[in-house]
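*Asks:* Would you mind keeping the following structure in view while I ask a few things?
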Amino acid sequence: MKKYIYLPAIALVAIASFSSCKKKTTEPEPETPVTPTPVTPSYNIPTTYNYTNTTTGVTTATNCIAMLGEITTYIRSSHTTTAATQPTLSAQKLKDMYANANNQFTLSTLNTSGISLMAKTSTTLNFPTLQNANFDDAQPASITSAANPTTSTASSGARGKLVSPARAVLVDANGFEYKEFAEKGLMGATFYYQATTLLAGIAALDNTTLTLVNGATAQERAWDEAFGLFGVPVDFPTNTTGLKNWGSYCNSVNVAIGSNTMIMNAFLKGRAAIVNGDNAGRDAARDIVIATWEKVAAAKCISYLKGAKNNLSDPATLHHNLSEGYGFVLAFQYNPNKIISNGDIATLLGYFGTNLYNLQTANLDLAIAKLESVFSLNASLIP
195 MKKYIYLPAI
205 ALVAIASFSS
215 CKKKTTEPEP
225 ETPVTPTPVT
235 PSYNIPTTYN
245 YTNTTTGVTT
255 ATNCIAMLGE
265 ITTYIRSSHT
275 TTAATQPTLS
285 AQKLKDMYAN
295 ANNQFTLSTL
305 NTSGISLMAK
315 TSTTLNFPTL
325 QNANFDDAQP
335 ASITSAANPT
345 TSTASSGARG
355 KLVSPARAVL
365 VDANGFEYKE
375 FAEKGLMGAT
385 FYYQATTLLA
395 GIAALDNTTL
405 TLVNGATAQE
415 RAWDEAFGLF
425 GVPVDFPTNT
435 TGLKNWGSYC
445 NSVNVAIGSN
455 TMIMNAFLKG
465 RAAIVNGDNA
475 GRDAARDIVI
485 ATWEKVAAAK
495 CISYLKGAKN
505 NLSDPATLHH
515 NLSEGYGFVL
525 AFQYNPNKII
535 SNGDIATLLG
545 YFGTNLYNLQ
555 TANLDLAIAK
565 LESVFSLNAS
575 LIP
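Under our numbering, the sequence shown has 199 at position 5, and the numbering climbs by one with no breaks.
In structure tokens, the structure reads:
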């Protein structure tokens, strides 16, 4: 046992006085305070998105993707040039599918799912109304083209079908493809909007109360739905079978931007962080998911703009590529934490203009350069 000697205060003063009479010596440098190294929470991060309490969020997302798939398949049926009589579209059926009314889906479980794409669509720019107007306009366009299924009936100011050896597409009077406004429009205003909004607000959700159905928290459910809306299997990117929508596009530009592993690892890390109460880890993973997702949209937009440049003499393919690219630009605005500014979005939309028949080829290069600059991309690497 250590012994401690206690000196009276006066003795301490005496010692101090004695010390002051000695020859002055150089005072030692004060020690620099050592900042403790933050302790990183320790927990296992799974290699696949398999959780025992994977929530109804994934199921909701899967149903949304299936609904959009049926809508686009139905519109695409009017693109045929081989049928003796081209199918015509029903605007009411399309609007019913969008709202999930009157049992219009082939997959019966979608009709009874209680999910409505329209209810999940952002109201920014009044998009649900614009989408229904797109459906209304597609019906007469399909009727016009059905009379001559192998002939181009569309031109500037006239809706109908553009036909080339490569493809046939149904377009409006300004040359925008109806299918792409539905598909890319809802990928942006519904899927991308829902996912990025859920992730942006994840910290405000409860992460302690477990639901009776899945034994998961509100944070876990929100994260699961965002993952589901990305459209990849639980063992992506090892498995690239059955990719849907955003997942398919992510894979197509992966060779240029390394998006597959980046976004999947972030999804896995974020979900594990939520389970283990690691808020910092969750937020870091969230930021990677949102930024990578946005970069996928930018890279794929460049891909379609390059495709447009390579098909200037093929109107059907040209307008298809332009409609795809335009849809990705529209999608940017539905991300609450987007990198691109509203001003740059407006600039890009201006390059497309309101009538694709009047688009200047030079504007394609300007749009590509703008996307390269904003997202630090190299267009030459993007397929």
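C-beta atoms are modelled at their ideal positions from N, C-alpha and C, and glycine is treated no differently.
Since G354 is in the beta strand (DSSP E), which residue starts that stretch and which ends it?
*Replies:* Mapped onto the sequence shown, residue 354 falls at position 160. Residues 354 to 357.
*Asks:* If you draw a straight line from the alpha carbon of S336 to that of L301, how long is it in whole angstroms?
*Replies:* Against the sequence shown, residue 336 aligns to sequence position 142. Against the sequence shown, residue 301 aligns to sequence position 107. Those two C-alpha atoms are separated by around 24 Å.
*Asks:* Please say whether L571 and I484 have beta carbons closer to each other than 9 Å?
*Replies:* Here the question's residue 484 lines up with position 290 in the sequence shown. Here the question's residue 571 lines up with position 377 in the sequence shown. No.
*Asks:* Rounded C-beta distance between L423 and A492? I'm assuming under 8 Å.
*Replies:* The residue you call residue 423 lines up with position 229 of the sequence shown. The residue you call residue 492 lines up with position 298 of the sequence shown. With 8 Å as the limit, L423 and A492 do not qualify as a contact, their Cβ atoms being about 18 Å apart.
*Asks:* Less than 8 Å between the CB of F569 and some heavy atom of the ligand ZN, yes or no?
*Replies:* Ligands displayed in this structure: none; no statement on the ligand ZN is therefore possible.
*Asks:* Can you name, in chain order, every residue of its own chain whose Cβ lies under 7 Å from the Cβ of A367, other than the five neighbours on each side?
*Replies:* Here residue 367 refers to the residue found at position 173 when the sequence shown is read from its first residue. The residues are G351, A352, R353.
*Asks:* Our contact map puts F546 next to I534 with C-beta atoms below 8 Å; I'd like the distance itself, whole angstroms only.
*Replies:* Here residue 546 is taken as the residue at index 352 of the sequence shown, counted from 1. Here residue 534 is taken as the residue at index 340 of the sequence shown, counted from 1. Actually they do not touch by this definition, with Cβ atoms about 15 Å apart.
*Asks:* Whole angstroms is fine: what's the gap from P281's alpha carbon to A340's?
*Replies:* Along the sequence shown, one-based indexing puts residue 281 at 87. Along the sequence shown, one-based indexing puts residue 340 at 146. Distance between the alpha carbons of P281 and A340: 7 Å.
*Asks:* Are the beta-carbon atoms of G251 and W417 separated by less than 9 Å?
*Replies:* In the sequence shown, the residue the question calls residue 251 occupies position 57. In the sequence shown, the residue the question calls residue 417 occupies position 223. In contact: G251 and W417 (Cβ atoms closer than 9 Å).
*Asks:* Looking only at its own chain, which residues have a Cβ that is under 6 Å from the Cβ of M261, when we skip the five neighbours before and after it?
*Replies:* In the sequence shown, the residue the question calls residue 261 occupies position 67. So the list reads L304, L311, once near-sequence residues are dropped.
*Asks:* Quick one: measure Cβ to Cβ for N247 and N504, integer angstroms, because I've assumed they're closer than 8 Å.
*Replies:* As a position in the sequence shown, residue 247 is number 53, starting the count at 1. As a position in the sequence shown, residue 504 is number 310, starting the count at 1. About 48 Å separates the two Cβ atoms, so there is no contact after all.
*Asks:* With contact counted as at least three CB pairs below 8 Å, one residue from each stretch, are the region 271 to 286 and the region 320 to 339 in contact?
*Replies:* Judged by Cβ distances under 8 Å, the region 271 to 286 makes contact with the region 320 to 339, as three or more pairs qualify.
*Asks:* Indicate whether F375 and S517 have their beta-carbon atoms separated by less than 9 Å.
*Replies:* Looking up residue 375 in the sequence shown gives position 181. Looking up residue 517 in the sequence shown gives position 323. Yes; because the gap between Cβ atoms is below 9 Å, this pair is in contact.
*Asks:* Going by DSSP, name the residue or residues bridged to A362.
*Replies:* Position 168 of the sequence shown, counting from 1, holds the residue named residue 362. DSSP lists V357 as partners of A362.
*Asks:* Given this structure, state the Cα-to-Cα distance separating A474 from T276, to the nearest angstrom.
*Replies:* Working through the sequence shown from its first residue, we reach residue 474 at position 280. Working through the sequence shown from its first residue, we reach residue 276 at position 82. In a straight line, the C-alpha of A474 is about 56 Å away from that of T276.
*Asks:* Look at the alpha carbon of S349 and the alpha carbon of A510, and state the distance between them as a whole number of angstroms.
*Replies:* On the sequence shown, position 155 is the one that residue 349 refers to. On the sequence shown, position 316 is the one that residue 510 refers to. Their Cα atoms are separated by approximately 11 Å.
*Asks:* Distance check for T267 and Y237, CA to CA, integer angstroms please.
*Replies:* In the sequence shown, residue 237 corresponds to position 43, counting from 1. In the sequence shown, residue 267 corresponds to position 73, counting from 1. Approximately 44 Å between the Cα atoms of the pair.
*Asks:* In the DSSP assignment, the alpha helix (DSSP H) including I451 goes from what residue to what residue?
*Replies:* The sequence position of residue 451 within the sequence shown is 257, counting from 1. Note, I451: alpha helix (DSSP H), 448 to 451.
*Asks:* What is the DSSP secondary structure of S349, counted as helix, strand or coil?
*Replies:* Along the sequence shown, read from residue 1 onward, the residue named residue 349 stands at position 155. In the structure shown, S349 sits in a strand (DSSP, three-state: E or B).
*Asks:* Alpha carbon to alpha carbon, how far is I496 from F522?
*Replies:* Working through the sequence shown from its first residue, we reach residue 496 at position 302. Working through the sequence shown from its first residue, we reach residue 522 at position 328. The alpha-carbon atoms of I496 and F522 are separated by roughly 10 Å.
*Asks:* Just curious, the alpha helix (DSSP H) that E414 is in, first and last residue?
*Replies:* Looking up residue 414 in the sequence shown gives position 220. Element bounds for E414: 412 to 424.
*Asks:* Cutting at 8 Å between CB atoms, please list the residues of its own chain near Y498, excluding the five before and the five after it.
*Replies:* In the sequence shown, the residue the question calls residue 498 occupies position 304. Taken in chain order, the residues that qualify are N515, L516, E518, G519, F522.
*Asks:* Taking 6 Å as the limit between beta carbons, can you name the residues of its chain near A465, skipping five residues before and five after?
*Replies:* Along the sequence shown, one-based indexing puts residue 465 at 271. Here residue 465 is Arg; the residue named in the question, Ala, does not match the sequence. These residues qualify, in order along the chain: W417.
*Asks:* Taking 8 Å as the limit between beta carbons, can you name the residues of its chain near T219, skipping five residues before and five after?
*Replies:* The count along the sequence shown starts at 1 and reaches residue 219 at position 25. With a pLDDT of only 45 at T219, under the threshold of 50, the placement of this residue in the model should not be trusted, and no figure is reported.
*Asks:* Out of curiosity, what's the CA-to-CA distance linking N433 and T242?
*Replies:* On the sequence shown, position 239 is the one that residue 433 refers to. On the sequence shown, position 48 is the one that residue 242 refers to. Taking the straight line from one Cα to the other gives about 10 Å.
*Asks:* Considering only the alpha carbon of each residue, which of T306, I265, S307 lies closest to Y292?
*Replies:* Along the sequence shown, one-based indexing puts residue 292 at 98. Cα-wise, what sits closest to Y292 is I265.
*Asks:* For E371, write down the residues that DSSP places opposite it in a beta bridge.
*Replies:* Residue numbering aside, residue 371 sits at position 177 when the sequence shown is read from its first letter. Answer by DSSP bridge pairing, in chain order: V365.
*Asks:* When you compare each of P322, A397, N257 to G308 by their alpha carbons, which one comes out closest?
*Replies:* Position 114 of the sequence shown, counted from the first residue, corresponds to residue 308. The shortest C-alpha separation from G308 is found at N257.
*Asks:* Drop a sphere of 10 angstroms on the beta-carbon of V449, count the other beta-carbons inside from all chains shown, and report buried for 16 or more, exposed for fewer.
*Replies:* Against the sequence shown, residue 449 aligns to sequence position 255. The residue is exposed, with fewer than 16 neighbouring Cβ atoms inside 10 Å.
*Asks:* Identify the continuous alpha helix (DSSP H) that holds A493 and give its terminal residues.
*Replies:* To locate residue 493, count along the sequence shown from 1; it is residue 299. Residues 473 to 503.
*Asks:* Quick test of your reading: F321 and A383, contact by CB under 8 Å. State the CB separation rounded to the nearest angstrom.
*Replies:* For the purposes of this step, residue 321 is taken as the residue at position 127 of the sequence shown. For the purposes of this step, residue 383 is taken as the residue at position 189 of the sequence shown. Between A383 and F321 the Cβ distance is about 4 Å, and since that is below 8 Å, they are a contact.
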